[in-house]
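Residue numbers (the working numbering): 170 to 268. The beta-carbon is built from N, C-alpha and C at its ideal position, and this holds for glycine as well. Everything on this sheet refers to the single structure shown next.
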């Protein structure tokens, strides 16, 4: 059973409970009409919960993939003396003439 199936069952049980309560309070004609907004609110709330659950599941899935990836070993391309020579060559270049 998936997360969305569970939310669907919660929605239908909640909608039935809202409808039955409103019909008992207001009668057979006004009850279904007065239960439209609460059922819509329930649907919106469960949609938000489903969206947040999907984001959380996606984040957890990506985290698990990152944790199972092999570690990356650093590779030095330049030696330290090459880096220092490059920095000194940048520092010793003359600035362009101002116009």
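Item, Value
"State the CB to CB distance for the pair residue 200 and residue 188, rounded to an integer number of angstroms; the pair is presumed to be in contact (CB under 8 Å).", "7 Å"
"For the alpha helix (DSSP H) that contains residue 201, what are its first and last residues?", "199-203"
"If you follow the alpha helix (DSSP H) that residue 256 is in, where does it begin and where does it stop?", "249-260"
"Short of 7 Å in beta carbon distance, which residues of its chain neighbour residue 218, apart from the five on each side in sequence? Order them along the chain.", "176"
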